[in-house]
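>
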Amino acid sequence: MFNVDGWNLKNDKNIALGGVSEKKKNKKSKNKSKSEISETQINDAVNNDNGSKPPKKDQTKVKGNQNDSKQPKNEKKRKNTDEVENKESITNKRSKSLAKVASNTTIPKASIDLSTKSQPPIPITSQTKLTPLQQKMMSKLSGSRFRWINEQLYTITSEEALKLIKEQPSLFDEYHQGFKSQVSNWPENPVQVFVDQFKNRLLTRNINAPGGLPGNKDKTIVVADMGCGEAQFSQDINKFIKQQKKNNKKFKNLKIEINSFDLKKQNEFITVADIKNVPMENESCSIVIFCLALMGTNFIDFIKEAYRILQPRGELWIAEIKSRFSEKPEEQQQQDPQDSKVGSEFVDALKLCGFFHKSTDNSNKMFTRFEFFKPPQDIIDERNAKLQRKKKFIENETEKEKFENKRELKPEGEWLLKPCIYKRR
Ligand code: SAH
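The number in the numbering used here is simply the position in the sequence shown, starting from 1, with 20 added.
#1: Quick one: grab the DSSP three-state call for methionine 246.
#2: Should alanine 326 go down as buried or exposed, given a rule of 16 or more other Cβ atoms within 10 Å for buried?
#3: Within 9 Å (strictly less), CB to CB, does arginine 389 reach chain D?
#4: Can you look up glutamate 208 in the DSSP assignment and give me helix, strand or coil?
#5: If you reduce the DSSP assignment to three classes, tell me which class leucine 336 lands in.
#6: Please classify asparagine 425 as buried or exposed, where buried requires at least 16 other C-beta atoms within 10 Å of its C-beta.
#7: From the DSSP output, in three-state form, read off arginine 225 for me.
#8: Let me check you understand the geometry: is the CB of glutamate 288 closer than 8 Å to at least one non-hydrogen atom of the ligand SAH?
#9: Just checking phenylalanine 253 against the ligand SAH - is the residue's beta carbon closer than 8 Å to any of the ligand's heavy atoms?
#10: What is the DSSP secondary structure of phenylalanine 366, counted as helix, strand or coil?
#11: If you follow the beta strand (DSSP E) that serine 379 is in, where does it begin and where does it stop?
#12: In the structure shown, what three-state DSSP assignment does asparagine 279 receive?
#13: Looking only at its own chain, which residues have a Cβ that is under 7 Å from the Cβ of glutamate 179, when we skip the five neighbours before and after it?
#14: Would you call the region 282-290 and the region 249-269 touching, i.e. three or more CB-CB distances under 8 Å?
#15: Is the number of C-beta pairs between the region 160-175 and the region 263-282 that are closer than 8 Å three or more?
#16: To the nearest angstrom, how far is the alpha carbon of histidine 377 from that of aspartate 238?
#17: Quick one: what does DSSP say isoleucine 329 is sitting in, helix, strand or coil?
#18: What does the alpha-carbon distance come out to for the pair proline 189 and cysteine 373?
#19: Quick one: Cα of glycine 163 to Cα of glycine 198, how far?
#20: Where DSSP assigns a beta bridge to valine 308, which residues make up the other side?
#21: Of all the options Ser304, Lys361, Val298 and Glu340, which has the alpha carbon lying nearest to the alpha carbon of glutamate 208?
#22: Excluding five sequence neighbours on each side, which residues of the same chain lie with their C-beta closer than 6 Å to the C-beta of arginine 165?
#23: Going by the DSSP bridge assignment, what does arginine 389 pair with across the sheet?
#24: Where does valine 298 sit, in a helix, a strand or coil, going by DSSP?
#25: Just to confirm, is the Cβ distance from leucine 437 to phenylalanine 319 under 9 Å?
#26: Helix, strand or coil for isoleucine 414, going by three-state DSSP, please let me know.
#27: Measuring alpha carbon to alpha carbon, tell me which of Asp245, Leu191, Ile185 and Pro234 ends up nearest isoleucine 338.
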């Protein structure tokens, strides 16, 4: 529907990182250089679109929007300013024309309190045959809506996200239309990297052998793909296993179970669940995957959920957009050169959640991949004994406490991983 070039984190000025509430936005503007990232060329369609708020005309059409009547004064003021910005960016002619092609549209109602957030641009539901100009405008609108949904998912809690998509399932479709378009421009799709890694380890090593995939006691490999999107991982691996079973005797009795979780049941592979709480038993899983899925502001809850469902020696595979990781302040980097590594703060946080770090792969231009595993009890005991010998056990426990206190003051989505958000110009 619309074209969005991949996130080229070097050159593009169209995507910014940082919070979205007005409060946060004000702070951000004071400290612009910190929160903006450089980025790709997003193609014309999205580039020329100056904001994700609906034109004034459309706002007056909103029926029963709970946020409108209850808005505090300063919020109303803000809206007016936004409308002025919109007037500048979206001409009357354009909004009239959009109103024509999308005449059956209403701004979706969300019962969650998004009052400090912007409203989405009008959804694209028209069946009308569009002129080329209208098509162009529709694609701009679609880019705006993708940005708006993306921004919501990065800046609300996972409970709110589940509620939002439950109430407006079409947002999921629109999001994935835009998401696919983004990723198709990347040199590599991280899901594909995980699929290849899975196939390769399965073909070259035995299950549970060194270098082989982890399975449970009867060698069943149980995967949880958390925030699976359209469950590409499951679909690809299932196809592959079917083929292997046909052609390779070795795999005749192979048992692989892939559980794919997301906010909407887009196909039969998916189970709807908030990934902070998935319907799986404790220690029932041998691999947990988060592929670009650490979106909610409480994403450490997802990591803890992974820890709960993973069996000892189970693996955690994560891929996240590179630009979400902040560099450590220079003084600290000099003290410890290892600290300057991308994602070191993130790795430390996962260690505090109990994981052992296996590797960080920073070779891809767009995303960083991490591998962790859940240590079995003997390794945990050994490590604790070592910490005690070095008189660092208490220190480590204090670190954990500090980490939890920090999370309580401010959700990790505001400091540990930056949300990946398009800049509104
Ligand atoms: N892993 C897929 C999709 C990535 S997009 C891929 O790489 O292709 C991120 C996905 O995470 C979206 O589909 C979004 O709906 C999902 N997501 C975000 N927060 C979630 C939550 N709390 N529970 C379940 N899914 C979530």
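Each residue gets a CB set at the ideal place from its N, CA and C atoms; glycine is no exception.
Computed from a predicted model, the values in this text were never measured in an experiment.
By the coordinates alone:
#1: strand
#2: buried
#3: The question asks about chain D, but that chain is absent: this structure has only one protein chain.
#4: coil
#5: strand
#6: exposed
#7: coil
#8: no
#9: yes
#10: helix
#11: 376-381
#12: strand
#13: Asp294
#14: yes
#15: no
#16: 26 Å
#17: helix
#18: 33 Å
#19: 7 Å
#20: Ala244 and Leu336
#21: Glu340
#22: Pro140, Pro141 and Glu194
#23: Ala339 and Asp381
#24: coil
#25: yes
#26: helix
#27: Asp245
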